[in-house]
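Residue numbers (our numbering): 6 to 67.
For glycine and all other residues, C-beta sits at the position ideal for the given N, C-alpha and C.
Working notes, beginning with the structure itself.
Written out as structure tokens, the structure reads:
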């Protein structure tokens, strides 16, 4: 499975701060729960990567 392989799977995604000062990305699909905690600096890097990917995807769709 890779980034370009499509799958017909529904998932819920939640993102928010924890009471421990971390940023949690929480994914739930088909009864599986995946909590991923990041330091705020790591979360900012992830956000930058998501924005860069969104810009690249937008450029491809033009």
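So, helix, strand or coil for residue i, using DSSP?
i, result
"residue 16", "coil"
"residue 44", "coil"
"residue 54", "helix"
Quick check on the DSSP output: the alpha helix (DSSP H) that includes residue i runs from which residue to which?
i, result
"residue 30", "Here residue 30 belongs to no alpha helix (DSSP H); instead the beta strand (DSSP E) covers 28 to 34."
Please confirm if residue i has its CB atom under 7 Å from at least one CB of chain C.
i, result
"residue 39", "Here chain C cannot be found, since the structure has a single protein chain."
Would you please state the rounded distance, in angstroms, between the beta carbons of residue i and residue j? I believe it to be under 8 Å.
i, j, result
"residue 42", "residue 27", "4 Å"
"residue 8", "residue 20", "The Cβ separation is near 20 Å, so there is no contact."
"residue 18", "residue 37", "13 Å between Cβ atoms; not a contact."
"residue 15", "residue 34", "7 Å"
In this structure, what does DSSP give as the bridge partners for residue i?
i, result
"residue 38", "33"
"residue 7", "Partner(s): none; residue 7 has no beta bridge."
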